[in-house]
Amino acid sequence: MGPPGAGKGTQAKRLIAKYDIPHISTGDMFREAIKQGTPLGLLAKQYIEAGHLVPDDVTIGIVRERLAKPDCQKGYLLDGFPRTIPQAEALEALTKEIGREIEIVANIDADDKELIRRICGRRVCTVCGTPYHVDTMKPKVDGVCDVCGGPLIQRLDDNEEALKVRLGHYYVQTKPLLDFYRARGLLYSFDGTKDLNVLLNEIISLIEAKTR
Ligand SMILES: [Zn+2]
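With the working numbering, the residue at position 23 of the sequence shown is 27, and numbering never jumps.
Here's what the structure looks like:
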């Protein structure tokens with residue numbers, strides 16, 4: 005868990021590579037369920053195509069299908085789910101039922117000023133999607149992708165106004181979830197402003213200590 009720009013995605017990529025476990029994001033799960041044509045996938049498709057939010061019970065059904073697969077037996081990393089208390093409660097019940105309970109909730113935090121600095125400086129290649137930052141990850145040639153030579157742009161919602169709206173939603177939505185997991189002794193907070201490798205090693209140490 006963590007606000008936009010805290011570095012969740014970066015740490016998730018490194019952790020799944022180290023532990024060879026599936027990276028499960030709700031967005032990917034919907035796409036996969038729809039592609040495989042499962043009954044829940046077809047149901048989700050109807051909501052998405054009509055421009056509606058997918059209801060909790062459909063989302064939870066898809067999470068259940070995914071977590072029950074054999075590749076989740078030695079562990080999994082959930083990203084972007086749960087986002088609400090009803091989702092967290094349903095997740096708790098279903099993971100108990102299938103014997104794959106959540107062991108660690110990692111909350112990667114950073115203050116708003118740092119998040120704004122990161123997001124507003126973000127640039128992305130329009131051709132291959134490689135991310136850059138105007139201060140910390142500059143391309144060799146200004147405005148040009150190192151990888152493919154494509155033009156770099158700033159995404160429309162990567163501006164201070166839009167980010168403040170997203171952060172506002174995040175705090176309202178997520179604060180109760182942090183309390184939910186804190187009460188269960190599962191919540192661990194990390195400082196997202198630390199060096200990426202230092203942060204990764206802290207998370208790994210926790211995983212090693214908790215899953216031994
Ligand atoms: Zn590129």
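Note that the Cβ used here is the ideal one computed from N, Cα and C, for glycine as well.
In its own chain, which residues sit with a C-beta less than 7 Å from the C-beta of residue i, not counting the 5 before and 5 after it?
{"i": "A48", "result": "F34, A37, I38, V58, V62, I66"}
{"i": "I120", "result": "E164, L167"}
{"i": "I25", "result": "K78, G79, Y80, L81"}
{"i": "G2", "result": "Because the chain in this structure spans residues 5 to 216, residue 2 falls outside the shown range and cannot be described."}
Would you check whether ligand 1 has a heavy atom nearer than 6 Å to the C-beta of residue i?
{"i": "G154", "result": "yes"}
{"i": "C132", "result": "yes"}
{"i": "V151", "result": "yes"}
{"i": "C76", "result": "no"}
{"i": "C129", "result": "yes"}
If the criterion is Cβ atoms closer than 7 Å, does the pair residue i and residue j meet it?
{"i": "R104", "j": "L156", "result": "no"}
{"i": "S193", "j": "N111", "result": "yes"}
{"i": "Q158", "j": "R186", "result": "no"}
{"i": "A54", "j": "G196", "result": "no"}
{"i": "V109", "j": "T134", "result": "no"}
{"i": "C124", "j": "C149", "result": "no"}
{"i": "L2", "j": "R18", "result": "Because the chain in this structure spans residues 5 to 216, residue 2 falls outside the shown range and cannot be described."}
{"i": "Q177", "j": "R87", "result": "yes"}
Keeping to the same chain, check which residues put their C-beta closer than 8 Å to that of residue i; ignore five residues upstream and five downstream.
{"i": "E206", "result": "F194, K198"}
{"i": "L191", "result": "V109, N111, L182, Y185"}
Leaving out five residues on either side along the sequence, give the residues of the same chain with a beta carbon under 6 Å from the beta carbon of residue i.
{"i": "M5", "result": "N111"}
Answer with yes or no whether the minimum CB distance from residue i to chain B is below 7 Å.
{"i": "G125", "result": "Here there is only one protein chain, and chain B is not present."}
Tell me, which residues are paired with residue i by DSSP?
{"i": "D195", "result": "D113"}
{"i": "H27", "result": "L81"}
If you scan the stretch 34-92 from start to end, which runs of the alpha helix (DSSP H) of 4 or more residues do you find wholly inside it?
The qualifying runs are 43-53, 60-71.
In the stretch 92-161, which residue ranges form an unbroken alpha helix (DSSP H) of at least 4 residues, counting only runs that do not cross its ends?
Under the rule that a run must span 4 or more residues, the alpha helix (DSSP H) segments found entirely inside the stretch 92-161 read 116-124.
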